[in-house]
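Asks: Residue numbering for the sequence shown follows our numbering, beginning at 48 and increasing consecutively.
Glycine residues also receive a C-beta, built at the ideal position from the N, C-alpha and C atoms.
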Amino acid sequence: MRFFRKSALIPFIGLCAATAPALNGQVTLNIDAADRGPVIGDLHYGIFFEEINHAGDGGLYAELIRNRSFEDNTSSPEYWSKIGSAQWKLVSTDLLNDAQAKALQVTFAAPGDGISNTGYWGINTVENRPYTLSLWVKGPWKGTLTATLVNGDGTTLANVDIPVDAGAQWQKLTAAMTATASCPTASLQLTASTAGTLTFDVVSLFPPTYKNRPNGCRPDLAEMLEAMHPGFVRFP
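1. For SER132, collect the residues of the same chain with a Cβ closer than 7 Å to its Cβ; drop the 5 residues on either side in sequence, then sort them by chain order.
2. Under 8 Å by Cβ, that's how I've got LEU151 and PHE117 pegged, so tell me the actual separation to the nearest angstrom.
3. Shortest alpha-carbon distance to LEU143 belongs to which of GLY106, THR225, GLN218?
4. On the DSSP bridge list, what partners appear for VAL250?
5. Measuring straight from C-alpha to C-alpha, what distance separates CYS264 and PHE247?
6. Which same chain residues end up closer than 7 Å to ILE209 when comparing Cβ atoms and leaving out the 5 residues on each side of it in sequence?
7. Using C-beta distances below 8 Å, list every residue in its chain close to THR225, excluding the 5 sequence neighbours before and after it, in chain order.
8. Taking only beta-carbon positions, decide if GLN236 is within less than 9 Å of chain D.
9. At the level of alpha carbons, what is the spacing between SER163 and LYS149?
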């Protein structure tokens, strides 16, 4: 990518400063033309990131659950499916926070009912790799949620039981599990021990991340980008 010299930007900046009062009288832009700042060469190489074709979600971002906040469709929760005789509906009131537009209310008719997520073309599980699960729920509902990673024929790859005593207020649940086998196309199942109704939001599953940063990036991709030693990162 070619960067223009700072001197070439001064007329443009001056035009912005001249038009700014017409747009918003409270904006003031002060320019010190004598202070050139860092010198940037005619050719300055770096990397460019834009969320196209799952460069972020399903790519660099390590989150494994697709449509974790149930926002991708107005009528049905895409990339999720029902288990057993469970029934569900998207709700738009009494949400987790102002940033959320929907949550998923699930009614379990019998033990073993639940929901399942396929991830991004499958959830990649690796033998002996730990995974961190988190989700927000509200009831009222009391019982045990079982989180299970399964392969295509239903074989369990990892699982954990999560005690739940959910009232009318949202609460966050967290759990950890370790895969016993590798499978690139696993899915996550959340099943209930008793009948009742539970509302879900922000269901998240993370493998280890780059530099162990919470809510972070995939180590393999982030390490390759770091190894390039880019002079800058443009986003977007």
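Replies: So, to answer that:
1. Shown here for SER132: same chain residues with a beta carbon closer than 7 Å to its own, the five before and five after excluded, namely ALA156, ALA157, ASP160 in chain order.
2. Yes, they are in contact, since the Cβ atoms of LEU151 and PHE117 sit about 5 Å apart, within 8 Å.
3. When each option's Cα is compared against that of LEU143, the closest is GLN218.
4. Answer by DSSP bridge pairing: none, since VAL250 is not bridged.
5. C-alpha separation (whole angstroms): 24 Å.
6. Cβ neighbours of ILE209 within its own chain (closer than 7 Å, five residues either side excluded): THR191, LEU192, ALA194, LEU220, ALA222.
7. Excluding residues within five positions, the ones whose Cβ falls inside 8 Å are ASN175, ARG176, PRO177, TYR178, ALA205.
8. In the structure shown, chain D cannot be found, because there is only a single protein chain.
9. About 18 Å.
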